[in-house]
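A short worksheet on the structure shown next.
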Amino acid sequence: MILHYAPNSRAVRVAWLLEELEIRYDIKKYSLGDKEMRLPEYLRINPLGRVPVLQDKDIIISESGAIIQYLLTKYAENQFVPKIEHENFSTYLQWFHFAEGMIMPQMNIIVVETIFLPPERKNDTNLKRATKLLSKMLEAVESHLSDREYLAGELSGADMMTGHAVIMSEKLGIDFTDKPNLKAYTKRLMKRPALQKAWHL
Ligand SMILES: N[C@@H](CCC(=O)N[C@@H](CS)C(=O)NCC(=O)O)C(=O)O
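The sequence shown begins at 1105 in the working numbering and counts up by one.
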């Protein structure tokens, strides 16, 4: 199995799960913005030139959420997914998809406005709106975590998706002083050896 990975990217989610499941894999490491990810060889495996991509024999799959779901279905033997008849199952699905559906779109705008755009193309209105919306999204996670340690009972794929997005928000400099549950949650997740390893590949 080969994971196409870049530090500080969504590829960490996949490496985290692979580490938790103790699956052996090779990594092909890039830096974000690497020209290698624009070469025809790479575009053949992901026409968008992005990470993560997982190659499992002749299967090539991109989209971090799809890869996580693929690995969980094929290799996890009921780990990290609540049983379908358990009330946590729908909670799991909701928070699994919250990452790419609600948090990352705002994060993407913030990253573009603060890091990638040259000063003359920056748009303060876009940045303010995205920052406000991201804060709203994070408040939803904060409130959900008021009476639980993980998003859907035990540690699950939902934490690998939305937990990772929350950690990325914190790393981006979003203020968590009024979000004690998120602060404790990211600390709890970052203590996991599998996530530590995935973060520092
Ligand atoms: N929705 C996709 C997003 C993939 C994506 O945007 N990846 C970023 C890193 S987190 C990337 O490869 N960016 C490099 C680029 O745009 O050149 C997923 O969840 O995998």
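Backbone N, C-alpha and C fix where the C-beta goes; we use that ideal spot for every residue, glycine too.
Whether residue i touches residue j by CB criterion (8 Å)
{"i": "F1202", "j": "S1260", "result": "no"}
{"i": "T1218", "j": "L1231", "result": "yes"}
{"i": "F1220", "j": "A1262", "result": "no"}
{"i": "M1264", "j": "L1121", "result": "yes"}
{"i": "D1130", "j": "I1163", "result": "no"}
{"i": "I1165", "j": "Y1174", "result": "yes"}
{"i": "M1208", "j": "L1276", "result": "no"}
{"i": "G1267", "j": "L1293", "result": "yes"}
{"i": "Y1179", "j": "L1125", "result": "yes"}
{"i": "V1245", "j": "L1299", "result": "no"}
Near ligand 1: residue i beta-carbon under 7 Å from a heavy atom
{"i": "G1153", "result": "yes"}
{"i": "M1141", "result": "yes"}
{"i": "E1217", "result": "no"}
{"i": "E1204", "result": "yes"}
{"i": "A1262", "result": "no"}
{"i": "G1267", "result": "no"}
{"i": "L1299", "result": "no"}
{"i": "P1156", "result": "yes"}
{"i": "E1167", "result": "yes"}
{"i": "S1113", "result": "yes"}
{"i": "L1125", "result": "no"}
{"i": "A1302", "result": "no"}
Buried/exposed call for residue i, threshold 16 Cβ in 10 Å
{"i": "I1214", "result": "buried"}
{"i": "N1182", "result": "exposed"}
{"i": "K1283", "result": "buried"}
{"i": "L1143", "result": "exposed"}
{"i": "A1170", "result": "exposed"}
Helix, strand or coil at residue i according to DSSP, with G and I counted as helix
{"i": "A1302", "result": "helix"}
{"i": "A1180", "result": "coil"}
{"i": "L1107", "result": "strand"}
{"i": "D1162", "result": "coil"}
{"i": "E1189", "result": "coil"}
{"i": "E1258", "result": "strand"}
{"i": "K1133", "result": "strand"}
{"i": "V1245", "result": "helix"}
{"i": "V1155", "result": "coil"}
Spatially closest choice to residue i from the options, by CA coordinates
{"i": "A1110", "options": "E1167, D1138, I1207 and Y1254", "result": "D1138"}
{"i": "M1241", "options": "A1269, I1171, L1299 and P1223", "result": "A1269"}
{"i": "Y1311", "options": "R1114, A1170 and K1283", "result": "Missing from the structure shown is residue 1311; the chain here goes from 1105 to 1305 and no further."}
{"i": "A1288", "options": "L1255, M1265, K1301 and K1226", "result": "L1255"}
{"i": "K1301", "options": "I1106, V1118 and M1105", "result": "V1118"}
{"i": "E1145", "options": "E1246, M1272 and H1108", "result": "H1108"}
{"i": "P1151", "options": "D1160, E1140 and K1161", "result": "E1140"}
{"i": "K1161", "options": "G1169, I1149 and E1167", "result": "I1149"}
{"i": "E1204", "options": "S1239, R1225, Y1196 and S1168", "result": "S1168"}
{"i": "R1252", "options": "W1303, N1192 and I1171", "result": "N1192"}
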